[in-house]
Amino acid sequence: MDSNRDIILKKIRNNQAWYEYGTARFRKILSENKGKMQADGTHYYDEKTDRLEQQRYYRKARKHPASGPALFALYHDLVQKTYKNRLPYHVSKNQYLYTWVDLHPDGSVRNIYSGEARDPLAIIQEDHQIGKKRGDHYHSLLQESEISAHQIRAVDTFFKYNTEHIVPQSWFHAADPMKGDLHHLFVCYPSCNAKRSNLPYGDFDFYHPESADEPVRNHCGIAAEDKFEPESGKGTIARAFAYFLLHYPKAVSKSKLNRVNLSLLVQWHEVFPAGLYERHRNQAICRIQGNRNPFIDDAGLMKQLEGCLVKI
1 MDSNRDIILK KIRNNQAWYE YGTARFRKIL SENKGKMQAD GTHYYDEKTD RLEQQRYYRK
61 ARKHPASGPA LFALYHDLVQ KTYKNRLPYH VSKNQYLYTW VDLHPDGSVR NIYSGEARDP
121 LAIIQEDHQI GKKRGDHYHS LLQESEISAH QIRAVDTFFK YNTEHIVPQS WFHAADPMKG
181 DLHHLFVCYP SCNAKRSNLP YGDFDFYHPE SADEPVRNHC GIAAEDKFEP ESGKGTIARA
241 FAYFLLHYPK AVSKSKLNRV NLSLLVQWHE VFPAGLYERH RNQAICRIQG NRNPFIDDAG
301 LMKQLEGCLV KI
């Protein structure tokens, strides 16, 4: 097992690789993608091509009628075996998430928990500054005779990036390949990321963010009673969470799985169906990683697998 000093050195190397040399590379990629979106209406999402890509992707899986555990195994094997390009977190976030994958049709990125739009260029620049601050604090820790795991976590907690893992990193020990899997990475502002923390998703009787009459508008949601209900993005969240459970059934401990309200996620999935933004993400991620989120492509699949996604 790596010592805490080794962990710090690894984090410093990652930081140097992505934050020492500025943001020019990512700004260029973003500019090119936005230009292609403006020049070609199908560049953001090509429905005809995606339909053909789906047919090829699911051809073998859909040839074998199955249900229950057999159906789960079929789709688990598919998303696992086609996950060819396993990217490190910083590559996923900087090179792909902010510049292409998480863009909306208008070229903006939006906080997954509020829908609040921002210029992705601002997000790229902010993360660069956050990365530099992390690097400075990592170097400071190296000067100490002893380094605790708590000190390392404190740096990462205090200097949060503009990215949210739908399944909290602490639930799977921030391990690869889960940490860099684009299917459950979304833009989320640091303050909102901190508010959700590592809480499971939940529902409050007194909170109705979808209603125009709801007085609570804090650009995030409500965290209380050991759960978090987002202001926006519920269907997207549900499908990303279900993907994680399908792809990584053994990554999360039983104590954490006990906190997952799967019936609520199924409800969110059904009430808030996938739209253009998620279809774009799914097509884009498949071309980057090699695999798809089946719950975006098949609206009925989550209900079919509800009894298999959480195995306590």
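Anchor point for the sequence shown: position 273 equals 273 in UniProt numbering, and the numbering is continuous, going up by one each time.
Cβ coordinates follow ideal geometry from the N, Cα and C atoms, glycine included.
Helix, strand or coil for residue i, going by three-state DSSP, please let me know.
| i | result |
| --- | --- |
| F186 | strand |
| A299 | coil |
| R59 | coil |
| A117 | strand |
| V109 | strand |
| I285 | helix |
| T49 | helix |
| P294 | helix |
| H247 | helix |
| R259 | coil |
| A242 | helix |
| I123 | helix |
| I29 | helix |
| A24 | helix |
| I147 | coil |
| D136 | helix |
| H64 | coil |
| K10 | helix |
| H280 | helix |
| K311 | coil |
| L305 | coil |
| G131 | helix |
| G41 | coil |
| V271 | helix |
| V266 | helix |
Decide if residue i is buried, meaning its Cβ has at least 16 other Cβ atoms within 10 Å, or exposed.
| i | result |
| --- | --- |
| L106 | Sequence inspection shows Asp at residue 106; the Leu mentioned does not correspond to that position. Counting Cβ neighbours within 10 Å, D106 comes out exposed, since fewer than 16 surround it. |
| F206 | exposed |
| F158 | exposed |
| T23 | buried |
| M1 | With a pLDDT of only 44 at M1, under 50, the local geometry of the prediction cannot be trusted, and no value is derived from it. |
| G233 | buried |
| H181 | The identity of residue 181 in the sequence shown is Asp, whereas the question assumes His. It counts as buried. |
| L142 | exposed |
| H64 | exposed |
| A149 | exposed |
| A17 | exposed |
| V260 | buried |
| N258 | exposed |
| L276 | exposed |
| V101 | buried |
| H269 | buried |
| G41 | exposed |
| D297 | buried |
| E163 | Contrary to the premise, residue 163 reads as Thr rather than Glu in this sequence. Under this definition T163 is a buried residue. |
| H127 | For the record, residue 127 in the displayed sequence is Asp; it is not His. Label assigned to D127: buried. |
Would the beta-carbon of residue i fall within 8 Å of that of residue j?
| i | j | result |
| --- | --- | --- |
| Y161 | K93 | yes |
| Q289 | Y57 | no |
| G202 | L264 | yes |
| V109 | Y96 | no |
| L103 | N33 | yes |
| L30 | L87 | no |
| H208 | N293 | no |
| V310 | L262 | yes |
| G147 | I8 | Contrary to the premise, residue 147 reads as Ile rather than Gly in this sequence. Cβ distance < 8 Å, so I147 and I8 count as in contact. |
| K179 | A223 | no |
| I237 | I112 | yes |
| A240 | M302 | no |
| L185 | V79 | no |
| A274 | G235 | yes |
| L74 | A61 | yes |
| S114 | E229 | no |
| N4 | I152 | yes |
| D226 | L199 | yes |
Problem - Complete alpha helix (DSSP H) runs within the segment 152-240 (minimum length 4 residues, chain order) - result: Every alpha helix (DSSP H) of 4 residues or more that sits fully in the segment 152-240 is shown, in chain order, as 190-196.
Exercise for the section: Would you be able to state if there are at least three C-beta pairs under 8 Å between the segment 269-281 and the segment 214-226? Expected result: Counting Cβ pairs under 8 Å, fewer than three are found: no touch.
Exercise for the section: Could you tell me whether the segment 62-70 touches the segment 135-155, using the rule of 3 or more Cβ pairs below 8 Å? Expected result: The segment 62-70 vs the segment 135-155: no contact.
Handout entry: Runs of alpha helix (DSSP H) wholly within the segment 66-106 (minimum 4 residues, chain order)
Key = Fully enclosed alpha helix (DSSP H) runs of no fewer than 4 residues occupy 68-81 of the segment 66-106, in order along the chain.
Practice task
Evaluate the contact criterion for the segment 245-262 versus the segment 164-180: three or more CB pairs, one atom per stretch, below 8 Å.
Solution key: Flag = yes, the segment 245-262 and the segment 164-180 touch.
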